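Chemist:
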DNA sequence: ATAGGGTTAG
């Protein structure tokens with residue numbers, strides 16, 4: 001600590017002392033010297049001293065103190081103005097940098113080539129395009145456009161603001177381009193996701209004799225990850241190894257992130273393990289990679305290691321990523337833990353963090369908690385409201401979604417595209433045509449009505465609300481249609497049983513721009529199925545791979561089995577399944593089974609039923625598989641992804657599995673499961689409930705079991721379905737006031753649906769079942785899905 | 001270099 005005597009110093013002594021503070025960034029000493037100067041009054045008005053004090057505060061990052069000294073100086077030179085602008089451009093508030101710049105111009109001080117890079121940096125940060133352009137024209141008038149530094153700053157500004165053409169023009173005009181100029185151009189292009197352009201720029205940079213440096217690599221890698229361009233990413237990796245820059249944390253983290261985004265988790269992990277100097281971003285990127293590709297267990301484990309490691313701080317970004325894992329896993333107790341932790345650390349004020357929590361609670365079906373947090377949040381933005389709205393919709397709670405939307409409008413927060421795309425399915429779900437039309441009007445007023453995603457949601461809403469004519473009108477008027485638009489309208493005609501029009505539209509699509517994708521064929525085939533257009537369906541299924549290069553997926557086979565089976569061609573459907581190039585899953589057999597039921601073919605039904613039983617939903621299930629199911633957890637929300645993951649891990653079957661969380665532990669069951677320690681009690685409970693249910697007129701719908709066994713045996717196998725076991729265990733384990741939330745990986749079975757309605761009445765408990773497609777909230781004998789799912 | 005809400009089918 002500096003010991004300052006109280007006598008008066010000469011001015012150069014002060015200056016010398018202040019320089020020392022600037023070098024060592026010692027704010028405490030600097031302040032003492034400032035006080036000393038104020039006390040002695042001798043030099044208080046000396047500009048040179050005030051200049052130094054300003055610089056001292058700037059060096060210590062005390063921008064407000066710097067400003068107060070700066071404002072007292074009567075005549076300030078351009079260097080000091082530049083320092084002040086630089087201070088704001090680095091520490092913010094950015095608009096102050098621009099303010100000081102204009103103040104300087106107003107006072108007639110002429111900016112120099114050092115001024116522009118700082119003020120332009122502020123413009124980039126604020127995306128203040130017009131101000132930036134004005135500054136650009138001033139630069140031209142001052143004849144500084146050819147200065148490398150100024151021009152690079154302009155390139156950077158235009159590129160960051162997304163005006164890549166202007167950036168490129170300036171860049172091309174530069175008399176010489178150093179690595180910083182190249183990096184500005186590359187970073188801007190990468191930032192806006194222009195993968196090909198970015199890679200081309202790097203190539204050109206090398207051909208022109210400038211070697212990429214670490215900043216180049218760090219700028220390029222995110223676009224590569226976004227484009228999932230793994231082989232290009234490997235090239236960069238190789239380059240960084242050759243140039244020995246892989247030991248740079250930023251480069252290592254960017255490489256890790258790139259591999260993660262490409263799904264190469266092993267490579268990502270290898271980089272993670274070999275990077276000795278990990279910071280919090282490195283850890284976050286690793287966790288994020290796991291979560292992105294549904295490796296929740298590894299993600300959560302890595303987070304636990306991060307805490308144990310203790311060398312880096314836990315940021316809201318990390319917590320947000322872990323929350324997404326909890327959300328995907330439906331692991332609310334872990335999520336709550338993170339919630340508590342973030343309150344303790346004060347991270348909860350971070351709005352993204354709050355929004356992640358909202359999304360987790362609402363997607364997890366705990367709307368009460370979501371709303372409680374939502375009410376507590378001091379600042380709510382569009383995303384907060386959107387998360388609540390779509391959360392309500394996903395829980396089948398469309399009414400609350402609409403109420404929340406009204407609240408949003410009342411509090412003056414503007415809805416954006418995502419909000420509207422979230423609210424429209426609520427109208428579809430409620431069959432709330434009036435609301436839907438109202439929202440449509442609102443969208444028109446707000447100027448959203450021509451947005452492609454919005455129109456897609458409108459098409460879906462109108463067709464689900466029974467107004468395919470309105471849906472078509474929206475479709476016709478769209479300025480730009482993407483493949484989702486076409487799929488939505490084709491599906492719309494399909495569910496309205498107007499297969500002919502669906503086919504006609506499909507033909508129109510073939511003459512138009514977007515190429516059909518695999519969903520198009522699902523929509524088309526199901527439209528054919530709903531309208532009995534068997535020949536047409538068969539035709540398109542067969543030409544799909546050769547003419548459209550689309551490999552039939554499980555979903556297409558389900559549609560085909562449905563098409564043939566519904567049409568009464570049971571033998572053909574059965575043989576079709578047998579000839580499938582991969583093993584049919586339970587949904588294929590399920591479609592077959594329902595065809596057998598429609599056409600009352602008991603014999604084939606029995607045969608098919610064996611396959612349904614074997615594969616789930618209520619198969620005997622083996623426990624290796626089971627442990628994998630719940631360690632990987634809540635895969636219910638992305639059925640397609642589940643199959644990819646399962647294939648990777650070498651599993652082919654997908655048995656029905658239900659789980660319930662009791663004080664932080666997940667208890668999972670498959671049908672007929674007797675492995676649980678409390679198995680005896682669970683079965684007793686179910687038998688007891690079964691007696692009560694029968695009193696209320698319950699009859700097991702043995703149509704769901706087409707096995708050749710005695711009626712009583714059929715009833716029993718239904719009674720021990722996984723969702724019933726989980727519900728019974730919930731009843732036994734949770735106090736009566738607590739709602740029971742069961743999650744099932746497949747769709748809930750029809751018999752279980754009727755049974756749980758009665759169980760909710762008998763036990764007077766709220767029971768929720770989240771199945772593969774939606775929530776079922778049971779209470780007092782009814783379900784909020786109104787038996788339609 | 002890491003982080004939040006969204007539409008198409010069955």
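Residue numbers (UniProt numbering): 1 to 789.
Glycine included, C-beta positions come from ideal geometry on N, C-alpha and C.
Bear in mind the structure is a predicted one, so any value in this text is a computation, not a measurement.
#1: Evaluate residue 618 with the Cβ neighbour count: other Cβ atoms within 10 Å of its Cβ, from every protein chain shown; 16 or more gives buried, anything less gives exposed.
#2: Have a look at the DSSP bridge pairing and note the partners of residue 779.
#3: Quick one: what's residue 744 bridged to in DSSP?
#4: Using the Cα positions of residue 381 and residue 413, report the straight-line distance between them to the nearest angstrom.
#5: Between the beta-carbon of residue 161 and the beta-carbon of residue 127, is there less than 7 Å?
#6: In the DSSP assignment, what are the bridge partners of residue 768?
#7: With a threshold of 16 other CB atoms inside 10 Å of the CB of residue 281, please say whether the residue is buried or exposed.
#8: Once you ignore the five residues that flank residue 277 on each side, which residues in its own chain have a CB closer than 6 Å to its CB?
#9: Quick one: grab the DSSP three-state call for residue 495.
#10: Nearest-angstrom Cα distance between residue 299 and residue 321?
#11: Can you have a look at residue 75 and say buried or exposed, based on whether 16 or more other CB atoms are within 10 angstroms of its CB?
#12: Residues in its own chain within less than 7 Å of residue 807 by CB, not counting five upstream and five downstream?
#13: How long is the line joining the alpha carbons of residue 293 and residue 303, rounded to whole angstroms?
#14: For residue 526, collect the residues of the same chain with a Cβ closer than 6 Å to its Cβ; drop the 5 residues on either side in sequence, then sort them by chain order.
#15: Rounded to whole angstroms, what is the Cα-Cα separation between residue 783 and residue 594?
#16: Which of the three DSSP states, helix, strand or coil, is assigned to residue 397?
#17: Among 171, 332, 769, whose alpha-carbon lies nearest the alpha-carbon of residue 369?
#18: Buried or exposed: which applies to residue 536, given that a residue is buried once 16 or more other Cβ atoms fall within 10 Å of its Cβ?
#19: Please report the distance separating the alpha-carbon of residue 108 from that of residue 181.
#20: Compare the Cα-Cα distances from residue 733 to each of 37, 681, 744, 540 and report the closest residue.
#21: Does the contact criterion of 3 or more C-beta pairs under 8 Å hold for the segment 78-89 versus the segment 109-122?
#22: Give every residue of the same chain whose Cβ lies closer than 8 Å to the Cβ of residue 736, excluding the five residues on either side of it in the sequence, and list them in chain order.
#23: Confirm the yes/no value for this check: CB of residue 757, any heavy atom of the ligand SAM, distance under 6 Å.
#24: Taking 7 Å as the limit between beta carbons, can you name the residues of its chain near residue 724, skipping five residues before and five after?
#25: Hey, which unbroken runs of the alpha helix (DSSP H) at 4 residues or more fall wholly within the segment 294-349?
#26: I need the boundaries of the alpha helix (DSSP H) containing residue 688, first residue and last residue.
#27: For residue 145 and residue 49, what's the separation of their Cα atoms in angstroms?
#28: Let's test the definition: count the other Cβ atoms within 10 Å of the Cβ of residue 601 and tell me whether it reaches 16, buried, or not, exposed.
#29: Does the distance from the CB of residue 508 to the CB of residue 488 come in under 7 Å?
#30: Is residue 190 near residue 219, with beta carbons less than 7 Å apart?
#31: On the CB-based measure, 16 or more other CB atoms within 10 Å of its CB, does residue 549 come out buried or exposed?
#32: For residue 356 versus residue 323, is the C-beta distance shorter than 7 Å?
#33: Consult DSSP for residue 635 and reduce its assignment to one of helix, strand or coil.
#34: Just curious, the alpha helix (DSSP H) that residue 572 is in, first and last residue?
#35: Within 10 angstroms of the Cβ of residue 742, are there 16 or more other Cβ atoms? Answer buried if so, exposed if not.
#36: Please specify which runs of the beta strand (DSSP E), each continuous and at least 3 residues long, are wholly inside the segment 233-277, giving them in chain order.
Modeler: Taking the structure as given:
#1: Residue mapping note: residue 618 aligns to position 618 of the first chain, counting from 1. Any answer about residue 618 is weak, because its pLDDT of 31 lies below 50 and its placement is not dependable; what the coordinates show is given next. Classification for residue 618: buried.
#2: Taking the first chain and counting its residues from 1, one reaches residue 779 at position 779. Answer is 782.
#3: Along the first chain, read from residue 1 onward, the residue named residue 744 stands at position 744. In DSSP, residue 744 forms a bridge with 658.
#4: Here the question's residue 381 lines up with position 381 in the first chain. Here the question's residue 413 lines up with position 413 in the first chain. Using only the alpha carbons, I get a separation of about 7 Å.
#5: Position 161 of the first chain, counted from the start, is the residue given in the question as residue 161. Position 127 of the first chain, counted from the start, is the residue given in the question as residue 127. Closer than 7 Å, so yes.
#6: Here the question's residue 768 lines up with position 768 in the first chain. DSSP output for residue 768 lists 741, 777 as bridge partner(s).
#7: Here the question's residue 281 lines up with position 281 in the first chain. Result: buried.
#8: Along the first chain, one-based indexing puts residue 277 at 277. Same-chain partners within the cutoff: 249.
#9: Counted from its first residue, the first chain places residue 495 at position 495. It is helical.
#10: Within the first chain, residue 299 is the residue found at index 299, counting from 1. Within the first chain, residue 321 is the residue found at index 321, counting from 1. So the alpha carbons of these two residues sit roughly 9 Å apart.
#11: On the first chain, residue 75 is found 75 positions in, with the first residue counted as 1. Its Cβ having fewer than 16 others within 10 Å, residue 75 is exposed.
#12: In this structure the chain extends from 1 to 789, so residue 807 is not present and cannot be described.
#13: The residue you call residue 293 lines up with position 293 of the first chain. The residue you call residue 303 lines up with position 303 of the first chain. Answer to the nearest angstrom: the Cα atoms are 16 Å apart.
#14: If you number the first chain from 1, residue 526 lands on position 526. Cβ neighbours of residue 526 beyond the five flanking positions: 494, 559.
#15: In the first chain, the residue the question calls residue 783 occupies position 783. In the first chain, the residue the question calls residue 594 occupies position 594. Taking the straight line joining both Cα atoms gives about 23 Å.
#16: Against the first chain, residue 397 aligns to sequence position 397. Coil at residue 397, not helix or strand.
#17: Position 369 of the first chain, counted from the first residue, corresponds to residue 369. With distances taken between Cα atoms, residue 369 lies closest to 332.
#18: Here residue 536 corresponds to residue number 536 of the first chain, with the count starting at 1. Buried, by the Cβ-count rule.
#19: Walking along the first chain from the start, residue 108 turns up at place 108. Walking along the first chain from the start, residue 181 turns up at place 181. When rounded, the distance between both Cα atoms is 30 Å.
#20: Residue numbering aside, residue 733 sits at position 733 when the first chain is read from its first letter. Measuring from the Cα of residue 733, the nearest candidate turns out to be 681.
#21: yes
#22: One-based indexing of the first chain puts residue 736 at position 736. So the qualifying residues of the chain are 763, 764, 765.
#23: Because no ligand of any kind appears in the structure shown, any question about the ligand SAM cannot be addressed here.
#24: As a working mapping, residue 724 is identified with position 724 in the first chain. Counting only Cβ-Cβ distances below 7 Å, and skipping sequence neighbours, we find 686, 752, 755.
#25: 296-309, 316-329, 332-345
#26: For the purposes of this step, residue 688 is identified with residue 688 of the first chain, where counting begins at 1. Looking at the DSSP string, the run of the alpha helix (DSSP H) that includes residue 688 is 679-695.
#27: Position 145 of the first chain holds residue 145. Position 49 of the first chain holds residue 49. Going from the Cα of residue 145 to the Cα of residue 49 covers about 35 Å.
#28: Within the first chain, the letter at position 601 stands for residue 601. Residue 601 comes out buried.
#29: Numbered from its first residue, the first chain carries residue 508 at position 508. Numbered from its first residue, the first chain carries residue 488 at position 488. In this structure, residue 488 does not lie closer than 7 Å to residue 508 by Cβ.
#30: Working through the first chain from its first residue, we reach residue 190 at position 190. Working through the first chain from its first residue, we reach residue 219 at position 219. Their beta carbons are under 7 Å apart, which means residue 190 touches residue 219 by this criterion.
#31: Here residue 549 is taken as the residue at index 549 of the first chain, counted from 1. It is exposed - the Cβ of residue 549 has fewer than 16 other Cβ atoms within 10 Å.
#32: What you label residue 356 is simply residue 356 of the first chain in a count that begins at 1. What you label residue 323 is simply residue 323 of the first chain in a count that begins at 1. Yes, they are a contact pair.
#33: The sequence position of residue 635 within the first chain is 635, counting from 1. For residue 635, the pLDDT reaches just 30, beneath the cut-off of 50, and the residue's location in the model is therefore unreliable, although a value from the coordinates is still provided. Residue state, collapsed to three classes: helix.
#34: As a working note, residue 572 is residue 572 in the first chain. Looking at the DSSP string, the run of the alpha helix (DSSP H) that includes residue 572 is 570-578.
#35: Translated into positions along the first chain, residue 742 becomes position 742. So residue 742 ends up on the buried side.
#36: none
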